[in-house]
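**Q** Next up is a structure, given as structure tokens.
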Amino acid sequence: MMEKFEKYGIKPYGAVPNARQMEWYEREKMIFFHFGMNTFTDREWGDGTENPELFNPTELDVRQWVRTVRDAGFKCAIITAKHHDGFCLWQTKYTEHSIKSSPYKNGKGDIVREFTDACAEFGIKAGIYLSPWDRHEPSWGKDEYNDFYVGQLTELLTGYGKIWECWWDGAGSTEAVYDWERWANTVRTLQPDAVIFGSLGATPWVDVRWVGNEKGIAGKPCYATIDPISLEVETTRELNSGKPGGKRFIPAEVDVSIRPGWFYHSSQDESVRTPENLMDLWFTSNGSNAGLLLNLPPDRRGRIHENDVSSLLAFEQRLRAAFENNLLGDAKVNASSEREGCSSANLLQKGRESFYAPTDSDKMPEIIFDLPEKRDINAFILEEAIELGHKITDAEIYAFVDGEWRTVAKSQCVGYRLSEKFDTVHTKSVKIKIKSAYDTPVLYFFGAYYIADGKKENKGNKNINLAENAQVEITDGAICVNLGGIYPFSKIILGGVYDGEYMLSLFNGFSFDLIGTAIAEKGEAVWNFDKIIDYSYRFKIETKVDVDREKINIKTF
120 MMEKFEKYGI KPYGAVPNAR QMEWYEREKM IFFHFGMNTF TDREWGDGTE NPELFNPTEL
180 DVRQWVRTVR DAGFKCAIIT AKHHDGFCLW QTKYTEHSIK SSPYKNGKGD IVREFTDACA
240 EFGIKAGIYL SPWDRHEPSW GKDEYNDFYV GQLTELLTGY GKIWECWWDG AGSTEAVYDW
300 ERWANTVRTL QPDAVIFGSL GATPWVDVRW VGNEKGIAGK PCYATIDPIS LEVETTRELN
360 SGKPGGKRFI PAEVDVSIRP GWFYHSSQDE SVRTPENLMD LWFTSNGSNA GLLLNLPPDR
420 RGRIHENDVS SLLAFEQRLR AAFENNLLGD AKVNASSERE GCSSANLLQK GRESFYAPTD
480 SDKMPEIIFD LPEKRDINAF ILEEAIELGH KITDAEIYAF VDGEWRTVAK SQCVGYRLSE
540 KFDTVHTKSV KIKIKSAYDT PVLYFFGAYY IADGKKENKG NKNINLAENA QVEITDGAIC
600 VNLGGIYPFS KIILGGVYDG EYMLSLFNGF SFDLIGTAIA EKGEAVWNFD KIIDYSYRFK
660 IETKVDVDRE KINIKTF
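In my numbering, the protein residues as written are 120 to 676.
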């Protein structure tokens with residue numbers, strides 16, 4: 120990986136990616152298939168008591184799922200082989216709570232097999248999500264669960280061909296002690312090329328980290344380098360932004376759903392993200408030195424709903440059209456310095472064989488692109504040779520407008536790819552200025568583009584009660600609410616309660632964050648937020664006051 124740089128005397132700096140992480144970067148866009156018992160119970164999190172007979176897709180077509188992935192330009196897909204409820208989509212020998220106890224194919228089905236076969240057919244890399252938390256398995260939380268889990272993990276990693284990603288989330292994991300090292304060694308032994316996504320106790324072995332939210336937004340900046348402690352305790356702010364000069368190289372994966380929920384709910388058929396919104400997500404993930412993991416939940420038929428397919432394919436067409444014509448393609452390129460064999464003209468060549476590097480004495484190079492005539496531009500792509508680690512710590516993009524250089528974008532981090540939109544400028548010259556770097560920067564590519572605005576997304580009626588169909592449970596003095604998806608809100612009203620103190624906490628993706636306390640008066644407690652909450656689909660309200668489930672009502676707006 121380093122030979123092409125070494126011949127020019129170029130060396131890496133700090134923490135650098137391994138071969139698995141570079142393969143992960145090159146995927147760019149990935150799909151997550153959440154499909155299982157929750158699809159048929161209309162829930163997001165099951166409790167493990169569900170009857171397997173409920174699982175019965177009537178028109179299952181996993182080839183349609185994966186064909187959609189390919190047609191939409193995605194390169195990898197991950198399936199929920201087992202979610203928190205413990206129901207398994209393959210013929211595991213470790214539990215009866217699986218597809219073999221369902222009506223599907225008279226208990227003879229294997230959806231993981233259908234998935235990996237379809238991936239092989241359509242040239243898609245397959246990944247596996249095997250929930251560490253198992254709410255059905257009696258041994259969960261005990262030492263013997265490690266044997267149970269490794270047994271299931273071994274089945275999936277030995278019987279289904281090449282697996283490219285093993286995905287471990289932290290839900291429930293703060294309440295149990297797992298043998299993460301044994302689990303990780305199982306992955307490394309059986310599927311050595313698979314990246315491991317995870318945090319908490321798995322941190323020493325993970326290749327990829329959570330981005331710190333489920334709304335599809337990487338930090339500005341979003342360094343791949345980070346200190347392990349940020350993963351071990353899940354500090355969401357640092358997971359989102361990384362750390363310049365961090366001890367380890369663990370890039371961020373941006374997991375977000377095409378719908379408000381992670382599993383399919385027919386009530387959300389008209390709430391699918393638009394192609395324009397998906398385009399925005401591309402900029403806040405792939406355009407921010409991160410990977411995009413977009414959830415695409417199959418419906419009860421066992422197919423990807425038509426609305427989801429239509430939006431996803433339109434997004435791919437829009438993305439391809441946006442970047443098919445580099446408006447700098449015929450520009451004359453001049454740099455403040457060039458290392459022999461590493462011309463600045465290489466920045467106009469797609470691919471990662473050639474690159475630009477300045478001389479060792481020029482760690483803050485300036486590259487100017489002069490066009491034959493003025494053109495409208497409002498977006499760019501800049502790519503750093505991330506194999507060498509994060510070297511750039513401050514970069515600015517300028518356009519020459521009205522006789523002066525005007526800054527159109529700036530960032531502390533470039534990484535694998537930096538891409539942003541900005542207000543349209545009419546210009547004949549564009550400039551990159553590296554204003555700060557740890558070491559001699561190396562760049563692969565630079566492009567400037569004009570992207571036509573899409574239609575504005577309808578944000579909906581702010582007066583609709585988003586909690587009308589919420590799942591509400593009361594346990595140990597806590598009112599637990601699951602909205603069934605991420606619906607932005609700025610107000611919560613808890614009615615039908617006795618006067619007293621009520622404490623609200625919002626779920627951030629892995630754990631609950633304490634928000635604040637409200638005092639109920641005349642049977643109602645109210646929380647107003649200064650900004651829209653656009654990341655949480657669950658919250659809990661704790662109190663020492665008696666609560667009558669039949670009387671309470673919850674509203675979010």
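The beta carbon of each residue, even a glycine, is placed where N, CA and C say it ideally should be.
1) Can you name the residues that DSSP bridges to L397?
2) Could you compute how far the alpha carbon of L562 sits from the alpha carbon of V600?
3) Would a C-beta distance cut-off of 8 angstroms place N672 and G604 closer than the cut-off?
4) Flag this pair as yes or no: are the beta carbons of W143 and V373 separated by less than 8 angstroms?
5) Between the alpha carbons of R458 and F368, how many angstroms are there, rounded?
6) Which word fits I348, buried or exposed, when buried means at least 16 other C-beta atoms lie within 10 angstroms of its C-beta?
7) F498 and I551 look like a contact to me (Cβ under 8 angstroms); what is the Cβ gap, rounded to whole Å?
8) Give a yes or no on whether the C-beta atoms belonging to A134 and G278 are separated by under 8 angstroms.
9) Per DSSP, which one or two residues make a beta bridge with R657?
10) Starting from E640, trace the beta strand (DSSP E) both ways and give me its first and last residue.
11) Let me check one thing: in DSSP terms, what residues is M120 bridge-paired to?
12) Measuring alpha carbon to alpha carbon, tell me which of I612, D595 and T675 ends up nearest T662.
13) Where in the segment 141 to 188 do unbroken runs of the alpha helix (DSSP H), each at least 4 residues long, occur, reported from the N-terminal end onward?
14) Would you mind listing the beta strand (DSSP E) stretches within the segment 496 to 524 that are 3+ residues and don't spill past its ends, in chain order?
15) Comparing alpha-carbon positions, which option in P222, W299, A514 and Q310 lies nearest I500?
16) Thinking A200 and Y264 are a contact (beta carbons under 8 angstroms), I'd like their distance in whole angstroms, please.
17) With distance defined between alpha-carbon atoms, name the residue in S548, Q271, V666 and S250 nearest to V520.
18) In chain order, which continuous runs of the alpha helix (DSSP H) of length 4 or greater are located wholly inside the segment 345 to 393?
19) Pick out the complete beta strand (DSSP E) segments inside the segment 450 to 493, 3 residues or longer, and give them in chain order.
20) If I follow the unbroken alpha helix (DSSP H) through C207, where does it start and stop?
21) Measuring only the C-alpha atoms, how far is V666 from T393?
22) If you compare alpha carbons, which of D558, S407 and H545 is closest to E523?
23) What is the DSSP secondary structure of T273, reduced to helix, strand or coil?
24) Given M622, which residues of its chain have a CB within under 6 angstroms of its CB, disregarding the five upstream and five downstream residues?
25) Given 8 angstroms as the limit, is there contact between the segment 422 to 433 and the segment 182 to 191, that is, 3 or more CB pairs closer than that?
26) Counting Cβ pairs closer than 8 angstroms, one from the segment 217 to 225 and one from the segment 258 to 273, do we hit at least three?
27) Let me know if Y654 comes out buried or exposed under the rule of 16 or more other beta-carbons within 10 Å of its beta-carbon.
28) Going by DSSP, what residue range makes up the beta strand (DSSP E) through D542?
29) Mind checking which residues open and close the alpha helix (DSSP H) that includes C238?
30) Closest to E172 by C-alpha separation, out of W164, S456 and N157, would be which residue?
31) Determine the burial state of L633: buried for a count of at least 16 other Cβ atoms within 10 Å of its Cβ, exposed for fewer.
32) Determine the direct distance from the alpha carbon of R146 to that of V306, and round the result to whole angstroms.
33) Hey, quick one: how far does the alpha helix (DSSP H) through V296 stretch, first residue to last?
34) For T559, name the three-state secondary structure that DSSP assigns.
35) From V664, S217, G155 and L625, pick the residue whose C-alpha is nearest to that of H384; which is it?
36) Classify R378 as buried or exposed, calling it buried when 16 or more other Cβ atoms lie within 10 Å of its own Cβ.
**A** Taking the definition as stated:
1) According to DSSP, L397 bridges with nothing at all.
2) 48 angstroms
3) no
4) no
5) 27 angstroms
6) exposed
7) Residue identity differs from the one stated: residue 498 is Ala in this sequence, not Phe. At roughly 15 angstroms, the Cβ-Cβ gap does not stay under 8 angstroms, so A498 and I551 are not in contact.
8) no
9) N601
10) First-last for E640: undefined, no H or E at that position.
11) For M120, which the question treats as bridged, DSSP gives no partner whatsoever.
12) D595
13) 156 to 160
14) 511 to 520
15) A514
16) Actually they do not touch by this definition, with Cβ atoms about 17 angstroms apart.
17) S548
18) 347 to 351 and 355 to 360
19) 451 to 454
20) Taken as a continuous stretch (DSSP letters only), C207 belongs to no alpha helix (DSSP H), as it is neither H nor E.
21) 41 angstroms
22) H545
23) helix
24) T636 and E661
25) yes
26) no
27) buried
28) L537 to A556
29) I230 to F241
30) N157
31) exposed
32) 20 angstroms
33) Here V296 belongs to no alpha helix (DSSP H), and DSSP marks it neither H nor E.
34) coil
35) G155
36) buried
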